[in-house]
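All remarks here apply to the structure that follows.
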Amino acid sequence: MDNLNSRMPSYFRIGAATSAWQIEGSSHLRGRSIWDDFSQIPGKIVDGAQADPASDHFNRWEEDLDLLSWLGVDSYRFSISWPRILHDGVGTVDPAGLAFYDRLIDRLLLRNIEPVITIYHWDLPSALEDKGGWNWAGIGDAFAQYTEILARKFVDRTAMWATLNEPWCSAFLGYADTVMAPGRGDGAAGLEAAYRLMVAHGRSMEVLRQYNAKNAGTVLNLTTVIAEDAGAESAARHIDGLQNRIWLDLLAGRGIPQDIIEGTRHISDWSFVDESELKSISAPIDWLGVNYYTPTRIASIPHQGEAKDNENHTHSLSFPGVPPFLSVPRPPHTDMGWEVHPESLTTTLQQTQERLPGVPIYITENGGAFPDEMVDGSIDDQDRVEYFQTHLDAALKAREAGVDLRGYFAWSLLDNVEWAEGLTKRFGLFHVNYQTQKRTAKRSAYFFRELLARRKPESDRIG
Ligand code: IFM
């Protein structure tokens, strides 16, 4: 632990992260979102979990701030529910929705915890999906208006802003594939959504700049794509293109990667791309958030017949245009079936810095779902502690190799609704009993508390 602490510079922020739909509950006090609709379709969420009660954070937020104070974190990353602010995504502001986050921010500051706002973490208002959602040409305007409401109210009290969280999931799991909301299953829609999400990012940044927001950036889920054999290399390049390069190239001003345009020509003509929007997307950001969990390890399919029966055959829908491939994560795996491979965090950070030079990086999510067991009232989640230790070490190795890494946020503060996995997967530092809503610190929470408590005073730290 001291080995980790002594390698963190004075400016290195440690925090915990959550998102609105996953923890808040109280959906009757806001507008509907695509996740409310999706979760009501039988079979979409493995255990049938819906928005309520989730972790009942809307009613227990003060208790949850106590957890943050107990941990001793520098920062708290949370998302604002778009339909709590604007029930239909545009139009009349709900003052009660705004007041909820207003109080949260004030109380964080009183506790000396920096508020880090994610403007969009997947809960698109249903009324906007009815207009075409992330395929609607007006979505950038709507997102800019929503951003302005938040900036006007919170700009003086917010330490960092992220426009989007993981647009890859919104576009490709939600529009190209069927596994996340809205579950369209249409490759062309996925490609257009990817582009329009980034247009919305650019528009949101323009508003944040007008309001002189401090530290405005965005959050991507990036990873290292590993081809296990030469036959998988072209699939790996395509996956890397859609998972990593498309976002970084757009931000860096390189536009849509040419190989992706070529490799998806049979799906989309990309006629929605507009030069002036490309310019706005590539306006400088103050920081980039990287959410990292696992590498994408793939192999070629020996012959077609095998692919159909092989349960490892990944949803190729999530990567429109990808040549056939097998997903071959190596053990050890988390409860999500995700390979644990901290080395890939180091390489992901290095590769990201090369592709988007000069932009400071934060790890805005990292963590693992493990089968927690409560014994005599405690949860000894040694597997999660090891995950955090080895990934913090891997992150600091990237920093030592020259990556401008400024901080690390654990996913997640609390057990919560893990999207399509419902309540069956737990990522929290704090266990939530969904019958009583009792929070219990897991051993991993004690790990972070100790790590933070044993930090030297800022003036004595490196950097
Ligand atoms: O729970 C999610 C989060 O909402 C986005 N990033 C990945 C996490 C784990 O799947």
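Take 717 as the starting number for the sequence shown in our numbering and just add one per residue. Glycine included, every Cβ here is placed at the ideal spot set by N, Cα and C.
**Asked** Where in the segment 802-857 do unbroken runs of the beta strand (DSSP E), each at least 3 residues long, occur, reported from the N-terminal end onward?
**Response** Runs of the beta strand (DSSP E) lying entirely within the segment 802-857, each at least 3 residues long, are 830-836 in chain order.
**Asked** What residues in its chain sit with their C-beta under 7 Å from that of Phe1086, if we drop five residues either side in the sequence?
**Response** The beta carbon of Phe1086 sits closer than 7 Å to the beta carbons of Thr1050, Asp1051, Asp1097, Asp1099, Arg1100 from its chain, once the five residues preceding and following it are set aside; these are given in chain order.
**Message:** Please identify the residue among Ile750, Tyr727, Ser1032 whose C-alpha is closest to the C-alpha of Trp737.
**Reply:** Nearest of Ile750, Tyr727, Ser1032 to Trp737, Cα basis: Ile750.
**Asked** Using the rule of at least 16 other Cβ atoms within 10 Å of the residue's Cβ for burial, across every protein chain shown, is Glu1166 buried or exposed?
**Response** With fewer than 16 neighbouring CB atoms inside 10 Å of its own CB, Glu1166 falls in the exposed class.
**Request:** Check whether the Cβ of Glu1134 lies closer than 7 Å to any heavy atom of the ligand IFM, and answer yes or no.
**Result:** Yes, the Cβ of Glu1134 comes within 7 Å of a heavy atom of the ligand IFM.
**Item:** CB of Phe1163 within 8 Å of CB of Gly731, strictly
**Value:** In this structure, Phe1163 lies away from Gly731, with their beta-carbon atoms at least 8 Å apart.
**Request:** May I ask you to report which of helix, strand or coil DSSP gives Glu882?
**Result:** DSSP places Glu882 outside both helix and strand once states are collapsed to three, so it counts as coil.
**Helix, strand or coil at Phe774 [DSSP, three-state]** = Of the three classes helix, strand and coil, the one that applies to Phe774 here is helix, per DSSP.
**Request:** Counting only the same chain and skipping the five closest in sequence on each side, list residues whose C-beta sits under 7 Å from that of Glu882.
**Result:** Contacts found: Val935, Leu936, Asn937, Asn1007.
**Message:** In the DSSP output, what is Leu1072 paired with across the bridge?
**Reply:** Residue pairing by DSSP places Leu1072 in no beta bridge whatsoever.
**Asked** How should Gly918 be labelled, buried or exposed, when 16 other C-beta atoms within 10 angstroms of its C-beta is the threshold for buried?
**Response** Classification for Gly918: buried.
**Asked** Does the ligand IFM have a heavy atom nearer than 7 Å to the CB of Ser735?
**Response** Between the ligand IFM and the CB of Ser735, the shortest heavy atom gap is smaller than 7 Å.
**Asked** Does DSSP classify Lys869 as helix, strand or coil?
**Response** The DSSP-derived three-state label of Lys869 is helix.
**Request:** Output the distance between the C-alpha atoms of Val923 and Thr808, rounded to the nearest integer angstrom.
**Result:** Counting only the Cα atoms, Thr808 lies some 19 Å from Val923.
**Message:** Taking only three categories from DSSP, how would you classify Met876?
**Reply:** DSSP places Met876 in strand when its eight states are reduced to three.
**Message:** If the criterion is Cβ atoms closer than 8 Å, does the pair Leu913 and Ala951 meet it?
**Reply:** In this structure, the beta-carbon distance from Leu913 to Ala951 does not fall below 8 Å.
**Request:** Taking Leu958 as part of the beta strand (DSSP E), name the residues at either end of that continuous run.
**Result:** Note, Leu958: premise wrong, no beta strand (DSSP E); not H, not E.
**Asked** Sorted by chain position, which residues of the same chain lie with C-beta nearer than 6 Å to Pro1041's C-beta, five sequence neighbours on each side aside?
**Response** Note that residue 1041 is Phe in the sequence shown, not Pro. Taken in chain order, the residues that qualify are Ala948, Ala951, Ile1014.
**Residue range of the beta strand (DSSP E) that includes Asn928** = Taken as a continuous stretch (DSSP letters only), Asn928 belongs to no beta strand (DSSP E), as it is neither H nor E.
**Asked** Under the rule that 16 or more other beta-carbon atoms within 10 Å means buried, what is Lys1024, buried or exposed?
**Response** For Lys1024, the pLDDT reaches just 48, beneath the cut-off of 50, and the residue's location in the model is therefore unreliable, although a value from the coordinates is still provided. So Lys1024 ends up on the exposed side.
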